[in-house]
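**Student:**
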Amino acid sequence: MDDAEQREERLKSALWYSIGQVVDHETLNSLSLSGSVHNATPQFIGALTELVWAQIASAGKDLENFAKHAGRSTIQTDDVLLLARRNEGLESLLRSYVDQTRATEGRGTSGAAKGKPKGRK
């Protein structure tokens, strides 16, 4: 196994662990709210981990392509906002965070962060 494969396995293991922690936390919360016992099998956590891994890989590729299309080699905030465009709740949350961060840094907000469409030249 080469370094890249080892790194990927370590990342997947860390993701599995983190997802397992979230699932455990949520099942304990559902127990206290509903009074009934809910449990997640290792197979469920494994399947959820694979789903999240695939989504991360897809998002990473999309972000790279957005930056490349804009003639950049670096992913920027606008690329992330573009990725989130189909999830209104996430997009709104990210835009608020970007606006707040830019205001704190004294840069103001960009047209893209305000949701204004950019015209083509």
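Using the UniProt record's numbering, count along the sequence shown one by one with no gaps and you end on 121.
All C-beta atoms in this analysis are idealised placements derived from N, C-alpha and C, irrespective of residue type, glycine included.
(1) Am I right that residue 45 and residue 16 are in contact with their C-beta atoms under 8 Å? What's the rounded C-beta distance?
(2) Please determine if the segment 46–54 and the segment 8–15 are in contact, where contact requires at least 3 C-beta pairs separated by less than 8 Å.
(3) Measuring alpha carbon to alpha carbon, tell me which of 35, 41 and 8 ends up nearest residue 24.
(4) List the whole-angstrom C-beta distance separating residue 122 from residue 82, where the pair is believed to meet the contact cut-off of C-beta under 8 Å.
(5) Spatial neighbours of residue 116 within its chain, please: C-beta separation below 7 Å, excluding the five flanking residues on both sides.
(6) Over the uninterrupted alpha helix (DSSP H) stretch that includes residue 122, give me the two end residues.
(7) If we ignore side chains and look at the alpha-carbon of each, how far apart do residue 28 and residue 19 end up?
(8) Less than 8 Å between the beta carbons of residue 63 and residue 79, yes or no?
**Tutor:** Taking the structure as given:
(1) Their Cβ separation, rounded to whole angstroms, is 7 Å, which keeps residue 45 and residue 16 in contact under 8 Å.
(2) Yes: the two stretches touch, three or more of their Cβ pairs being nearer than 8 Å.
(3) Considering only alpha carbons, the answer is 41.
(4) As displayed, the chain neither begins before 1 nor continues past 121, which places residue 122 out of reach and without an answer.
(5) Interpretation of residue 116 is limited by its pLDDT of 48, a score under 50 that renders its predicted location unreliable; no figure is taken from the coordinates.
(6) The first residue shown for the chain is 1 and the last is 121, placing residue 122 beyond what the model contains.
(7) Those two C-alpha atoms are separated by around 14 Å.
(8) Yes, Cβ-Cβ distance for residue 63 and residue 79 is below 8 Å.
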